[in-house]
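Some notes on the structure that comes next.
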Amino acid sequence: MIKVTIYKTCGHEYTGFDLAGHAGFDESGRDIVCAAVSALVITTINSIERFTDDETSCISDEETGRIEFRFSRIPSHDASLLLDSMVLGLEQIEDSSEYEPYIDMIFKEV
Numbered sequence: 085m086i087k088v089t090i091y092k093t094c095g096h097e098y099t100g101f102d103l104a105g106h107a108g109f110d111e112s113g114r115d116i117v118c119a120a121v122s123a124l125v126i127t128t129i130n131s132i133e134r135f136t137d138d139e140t141s142c143i144s145d146e147e148t149g150r151i152e153f154r155f156s157r158i159p160s161h162d163a164s165l166l167l168d169s170m171v172l173g174l175e176q177i178e179d180s181s182e183y184e185p186y187i188d189m190i191f192k193e194v
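Going left to right, the sequence shown walks through residues 85 to 194 as this note's numbering numbers them.
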């Protein structure tokens, strides 16, 4: 199962997110849940890096499927919007009755 933790302040500002695990929907290379989650998350990280001036840190491990992404300070409007889009996509996967057993999202206040 893929576990996604989204971190937000009490003011609802993003501070980052963690992602860990593999979906296990199908064998490696054929797992559409892993592919969809990876595409959303990697595109979001790359977009924040390319299209905003936000300072971030990102640690990843392809073997374990772990990504730790953090903002150095409160993110810009554009970075927040990009994360809103990623969260929407991940929630839609999680809300699907077919894919729900393969992804778990939680939100934590920090």
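All C-beta atoms, glycine included, are put in the ideal place defined by N, C-alpha and C. Given the structure is predicted, the values throughout are model-derived calculations rather than measurements.
By the neighbour-count criterion, in which 16 or more other beta carbons inside 10 Å mark a residue as buried, A123 falls on the exposed side. The three-state secondary structure of S144, taken from DSSP, is strand.
V88 and D102 have their alpha carbons spaced roughly 6 Å apart. Within the same chain, Cβ atoms closer than 6 Å to the Cβ of D162 are found at T136, the five residues on either side in sequence being excluded. A residue is called buried once 16 or more other Cβ atoms fall within 10 Å of its Cβ, and V194, having fewer, is exposed.
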